[in-house]
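S.K.: Encoded as structure tokens, here's the structure I'll be asking about.
Numbering (the working numbering), first residue to last: 2 to 336.
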């Protein structure tokens, strides 16, 4: 960006617009680095496509960050925000009455116009006085340590479109990268032994819109999410058979890498091929690193209890939360 260029900000801009335009604000962290280092994506003319190959090398942002990784708990199909973190006093007051305006029913014929307020009580917590539902008594104990955004809104009332909006920034467009992909593109990875973007899926299945939820869209596949199985073994075929371990495996990998590189040289600028080569190389390094990272038996009994592993109702979800923490501790950028 030239020094004599000026940036004009719209006076009408507000927090909601900022969060929307910056893909919930997360992609902006990576964008700052990219604009500074790459001068707004400008490349010297005539640069060969092969020289622009994407990579996950760690990159320093333009300032010292307080956070180096992110864990996103996507509560697909969770309770309404009006029953958890977003009290609506006026809705509660009008509960049971008819909505006075017009409603376009998208999914139900002759649906009721009756208003329904939350059936749960809200209490203020912490010095900030944030109101939280009685359903979240423990969250209230850390009310002063969290940021709660209540100003988000959308005109899309369908699950698929709304989820796409949340992850990619546009409600009706397929092929947009997840904001985690932008993080990796701008900041790179802090580990060469584990995927830098990992997805812990629910045993009940993938959310609406399936694998698009962690897609890298129009960006190279190198920046898409790597899915772990919801049950053990989390990664299939992680360890080679006994007869292939050690030197035989290393020789096979070296030969495969040489063949792949020769093929890549014949077809430069093919991101899918580069991603496949990188995935083979990463798989070899993961054999030790992944097994150790996913082994929650290394955690103390007290830690396992804190994550709810001693409770049948919370064990499965708590296990994924604990694995997520262990992954970011080992350099994974986004879980």
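Don't be surprised by glycine CBs; every beta carbon is placed ideally from N, CA and C.
#1: With a threshold of 8 Å, are at least 3 pairs of Cβ atoms found where one atom belongs to the stretch 313–332 and the other to the stretch 285–305?
#2: Looking only at DSSP bridge pairs, what is residue 206 linked to?
#3: Can you have a look at residue 186 and say buried or exposed, based on whether 16 or more other CB atoms are within 10 angstroms of its CB?
#4: For residue 123, which residues does DSSP report across the bridge?
#5: My guess is that residue 99 and residue 165 are in contact by the Cβ rule of under 8 Å, so how many angstroms apart are they, rounded?
#6: Identify the residues that DSSP records as bridge partners of residue 212: which are they?
#7: Can you give me the C-alpha to C-alpha distance between residue 224 and residue 93, rounded to a whole angstrom?
#8: Using the three-state DSSP reduction, which class does residue 150 fall into: helix, strand or coil?
#9: Over what stretch of residues does the beta strand (DSSP E) that includes residue 229 continue unbroken?
#10: Which full runs of the alpha helix (DSSP H) of 4+ residues lie inside the stretch 304–330, going along the chain?
#11: DSSP three-state label for residue 335, please.
#12: Roughly how many whole angstroms lie between the Cα atoms of residue 321 and residue 333?
#13: If you count every other CB in all the chains shown that lies within 10 Å of the CB of residue 13, and 16 or more means buried, which is it?
#14: Alpha carbons only, please: which of 189, 233 and 214 is nearest the one belonging to residue 58?
#15: Just to confirm, are residue 64 and residue 184 a CB contact at a threshold of 7 Å?
#16: Quick one: what does DSSP say residue 71 is sitting in, helix, strand or coil?
#17: Output the boundary residues of the alpha helix (DSSP H) element that contains residue 224.
#18: Along the chain, where does the alpha helix (DSSP H) containing residue 169 start, and where does it finish?
#19: Measuring straight from C-alpha to C-alpha, what distance separates residue 68 and residue 149?
#20: What separation, rounded to the nearest whole angstrom, lies between the Cα atoms of residue 217 and residue 96?
#21: For residue 214, count neighbouring Cβ atoms within 10 angstroms of its own Cβ and tell me buried if that reaches 16, exposed if not.
#22: Would you report the Cα separation of residue 120 and residue 80, rounded to the nearest angstrom?
#23: So who's on the other strand from residue 115, going by DSSP bridges?
#24: Are the stretch 71–85 and the stretch 123–140 in contact at 8 Å, needing three or more beta carbon pairs?
#25: Report the rounded CA-to-CA distance for residue 259 versus residue 288, giving the unit in angstroms.
M.R.: According to the structure shown:
#1: For the pair of segments examined, the stretch 313–332 was found to touch the stretch 285–305: the number of CB pairs separated by less than 8 Å reaches three.
#2: 203
#3: Around the C-beta of residue 186, 16 or more other C-beta atoms lie within 10 Å, and the residue is accordingly described as buried.
#4: As computed with DSSP, residue 123 is found in a beta bridge with 134.
#5: At roughly 33 Å, the Cβ-Cβ gap does not stay under 8 Å, so residue 99 and residue 165 are not in contact.
#6: Paired residues: none, contrary to the question.
#7: 44 Å
#8: In the structure shown, the three-state DSSP call for residue 150 is coil.
#9: 227–229
#10: 316–330
#11: Looking at residue 335 - three-state DSSP - the assignment turns out to be strand.
#12: The alpha-carbon of residue 321 is positioned some 15 Å away from that of residue 333.
#13: Reliability fails at residue 13, whose pLDDT of 45 lies under 50, so the model's placement of it is uncertain and the value that follows must be treated cautiously. Label assigned to residue 13: exposed.
#14: 189
#15: no
#16: Of the three classes helix, strand and coil, the one that applies to residue 71 here is strand, per DSSP.
#17: Careful: residue 224 lies outside any alpha helix (DSSP H) and carries neither H nor E.
#18: 160–169
#19: 18 Å
#20: 43 Å
#21: buried
#22: 12 Å
#23: In the DSSP secondary-structure assignment, residue 115 is bridged to 99.
#24: yes
#25: Cα to Cα, residue 259 sits roughly 21 Å from residue 288.
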